[in-house]
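Enquirer: Residue numbers (the working numbering): 13 to 189. The beta-carbon is built from N, C-alpha and C at its ideal position, and this holds for glycine as well. A quick note: this is a predicted structure, and the numbers were derived from the prediction, not measured. Have a look at this one.
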């Protein structure tokens with residue numbers, strides 16, 4: 013029985029096995045993370061002692077070797093947590109809420125400032141309850157680009173994404189009422 017399982021795995025093409033492995037490994041910032049030299053960071057992982065270690069590695073490092081980029085590798089959990097913390101802080105900033113409301117109202121005149129504020133404020137405490145796929149969808153909706161340096165992190169947001177999220181959340185608030 014074990015032999016049959018191993019044989020079935022090995023008969024699958026190596027490319028397909030690798031693609032399946034990559035798709036099973038979450039990468040919240042895939043396609044969004046860039047280094048100080050402008051090169052993209054790609055998600056990767058390794059297993060050691062039965063434990064999964066996820067990280068993002070610079071394309072510069074992959075092409076030119078270690079030491080070619082001041083920020084070569086970054087632990088995935090740490091950088092993802094830092095980006096999520098910044099996103100969640102946005103939900104609590106009144107000036108961001110006001111800008112989001114103006115943008116959302118341009119697309120849907122029925123959304124009020126209170127609707128936008130309520131929608132974004134409600135999301136912060138719910139964040140930890142969301143499924144990872146929904147968190148990833150929201151990050152993709154809100155984040156245009158993340159630039160990482162040796163001593164800084166800059167998260168560039170999509171205002172249209174904030175407006176869309178506010179519209180979605182206010183529609184849910186309206187449906188629940």
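By Cβ distance, which residues of its chain are closer than 8 Å to residue 46, with the 5 residues on each side in sequence left out?
Expert: On the chain shown, position 34 is the one that residue 46 refers to. The answer, listed in chain order, is 52, 53, 157, 158, 159 and 160.
Enquirer: Apart from the five residues on each side of it in sequence, which residues of its chain come closer than 7 Å, Cβ to Cβ, to residue 14?
Expert: For the purposes of this step, residue 14 is identified with residue 2 of the chain shown, where counting begins at 1. Excluding sequence neighbours, residue 14 sits near nothing in its chain.
Enquirer: Leaving aside the five residues before and after residue 72 along the sequence, list all residues of the same chain whose C-beta is less than 7 Å from its C-beta, in chain order.
Expert: For the purposes of this step, residue 72 is taken as residue 60 along the chain shown, with counting starting at 1. Hits under 7 Å: 47, 49, 51, 80 and 81.
Enquirer: So, do the region 147–157 and the region 91–108 have three or more beta carbon pairs nearer to each other than 8 Å?
Expert: Yes, they touch.
Enquirer: What's the gap between the Cα of residue 137 and the Cα of residue 38?
Expert: By one-based count along the chain shown, residue 137 stands at place 125. By one-based count along the chain shown, residue 38 stands at place 26. Whole-angstrom Cα-Cα distance: 22 Å.
Enquirer: Residue 42 by DSSP, collapsed to three states: which one?
Expert: Indexing the chain shown from 1 puts residue 42 at position 30. The answer is coil: DSSP assigns residue 42 none of H, G, I, E or B.
Enquirer: Mapping DSSP to helix, strand and coil, what is residue 34?
Expert: Sequence index remark: in the chain shown, residue 34 carries index 22 (1-based). The predicted position of residue 34 is uncertain, since its pLDDT is 48 and thus under 50; no value can be drawn from it.
Enquirer: Where are the alpha helix (DSSP H) runs, 4 residues long or more, that stay fully inside the region 135–163, in chain order?
Expert: Here the runs fully enclosed are 144–154.
Enquirer: Classify residue 58 as buried or exposed, calling it buried when 16 or more other Cβ atoms lie within 10 Å of its own Cβ.
Expert: On the chain shown, residue 58 is found 46 positions in, with the first residue counted as 1. Exposed is the call here.
Enquirer: Looking only at DSSP bridge pairs, what is residue 57 linked to?
Expert: Residue numbering aside, residue 57 sits at position 45 when the chain shown is read from its first letter. Its beta-bridge partners are 66.
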